[in-house]
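Student: Structure in structure tokens, see below.
Residue numbers (this note's numbering): 266 to 624.
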């Protein structure tokens, strides 16, 4: 296996850990509400806390990536999300759980902004589009594992202790971080570092924010994340409200993620520069349609809605990030900062989604 595919494996494992921990509260939300004696509104705030941190930490995370490189920065990000899961396991009240989730908002943006930078540094052309799709399956598969195994296998194995589940995800994230540290560096990415560090990051941000194409992508990212994070966190509870059991709701909630994995592998490869506008339009229509269909209880209507949701929520973000990092004014050396700006804007929507549904 070549160095660049080993790098892709490392990114995938870190992003998989991201998916595990980001969705870890959703399957046990009601259990935590009762255990900590908090309200649904407070739980919604907790679920949206790391998105709030993203708004302020994503741009500094992107700047950090462009200054010290993906290798060191992603290791820091992996360590922080592992610590977040560990702190969740020890939380005894609303404040402590809120703080532990906010910690995820410091490490998460380093991973989400670092992944496209690492891929852009190592891959080119159609191979890059495929690699973007592959690494985006990491958080999706992590979320599937979290949503399907928590209620059906892990909680029974841990005698109903949700804290043990958090400890397990913390261990997985730590293991992924250690493996990343032992993987070989991307020689191509390292050769650019001297150029990257000479550029004033404040000037880069100021320059990019004045570009109309960049602004358009940032606005779209906020809309996409409102849709994504709202449903990512509350979909199991919405399905339970339709009368389905906890276990069956977990399986149904995993369906759009499974569909999204397939979409992530196929749709980005089709998203050549000449096709991207049409593909983005179709994906937006899929997101709108799924929001309407998820209001129905009948599985004949609900399942197609979940399928459309999966296609939209996975592929929209991948195609938008690909569009951003391949803009002429960005390229490889500004990919970290640009990705940080992307997630900073996106998580404004990511914060509102879970909070609005929780209230």
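We put the beta carbon where it would ideally sit given N, CA and C, even for glycine. Quick caveat: nothing in here was measured; it's all calculated off a predicted structure.
Taking its Cβ as the centre, do 16 or more other Cβ atoms sit within 10 Å of residue 309, making it buried, or is it exposed?
Tutor: Residue 309 is buried by the Cβ-count criterion.
Student: Got a sec? Which residues, its chain only, sit under 8 Å from residue 367 by beta carbon, not counting five neighbours each side?
Tutor: If we look at residue 367 and ignore the five residues flanking it on each side, its Cβ neighbours are 314, 315, 317 and 318.
Student: Taking the straight line between their C-alpha atoms, what separation do you get for residue 558 and residue 570?
Tutor: C-alpha separation (whole angstroms): 5 Å.
Student: Check residue 335 in the structure and name its three-state DSSP category.
Tutor: The answer is helix: DSSP assigns residue 335 an H, G or I state.
Student: Under 7 Å between the Cβ atoms of residue 578 and residue 394?
Tutor: Cβ distance not < 7 Å, so residue 578 and residue 394 don't count as in contact.
Student: With DSSP collapsed to three states, give me the class of residue 458.
Tutor: Residue placement at residue 458 is flagged as unreliable, the pLDDT there being 48, under the threshold of 50; the coordinate-derived value follows with that caveat. In this structure, residue 458 counts as helix in the three-state DSSP scheme.
Student: With residue 276 and residue 364 assumed to form a contact (beta carbons below 8 Å), what rounded beta-carbon distance in angstroms separates them?
Tutor: At roughly 28 Å, the Cβ-Cβ gap does not stay under 8 Å, so residue 276 and residue 364 are not in contact.
Student: Could you work out which residue in 484, 493, 540 and 516 is closest to residue 574 when comparing CA atoms only?
Tutor: Nearest option by C-alpha distance: 493.
Student: With DSSP as the reference, label residue 394 as helix, strand or coil.
Tutor: Three-state DSSP puts residue 394 in a helix.
Student: Can you look up residue 518 in the DSSP assignment and give me helix, strand or coil?
Tutor: Here residue 518 sits in helix by DSSP.
Student: Going by C-alpha to C-alpha distance, which of 321, 548 and 306 sits closest to residue 572?
Tutor: Closest by alpha carbon: 548.
Student: Note down, in chain order, each residue of its chain lying with its Cβ closer than 7 Å to the Cβ of residue 294, except the 5 sequence neighbours on either side.
Tutor: Counting only Cβ-Cβ distances below 7 Å, and skipping sequence neighbours, we find 308 and 502.
Student: With distances taken Cα to Cα, identify the nearest neighbour of residue 580 among 608, 566 and 536.
Tutor: Checked all of 608, 566 and 536; the closest Cα to residue 580 is 536.
Student: Using the rule of at least 16 other Cβ atoms within 10 Å of the residue's Cβ for burial, across every protein chain shown, is residue 282 buried or exposed?
Tutor: Under this definition residue 282 is a buried residue.
Student: Can you say whether residue 450 is buried or exposed, counting buried as having 16 or more other CB atoms within 10 angstroms of its CB?
Tutor: When all chains shown are included, residue 450 counts as exposed.
Student: Using only the alpha-carbon positions, how far apart do residue 435 and residue 360 sit?
Tutor: So the two alpha carbons sit approximately 20 Å from each other.
Student: So for residue 356, helix, strand or coil by DSSP?
Tutor: The answer is coil: DSSP assigns residue 356 none of H, G, I, E or B.
Student: Would you identify the three-state DSSP class for residue 425, choosing helix, strand or coil?
Tutor: In the structure shown, residue 425 sits in coil (DSSP, three-state: anything other than H, G, I, E or B).
Student: Comparing C-alpha positions only, which one of 511, 486, 348 and 611 sits nearest to residue 412?
Tutor: When each option's Cα is compared against that of residue 412, the closest is 511.
Student: Using CA atoms only, rank isn't needed, just tell me which of 400, 329, 328 and 390 is closest to residue 284.
Tutor: Checking every option, the nearest Cα to that of residue 284 belongs to 400.
Student: When the distance is taken between beta carbons, is residue 280 closer than 7 Å to residue 380?
Tutor: Yes. Within cutoff.
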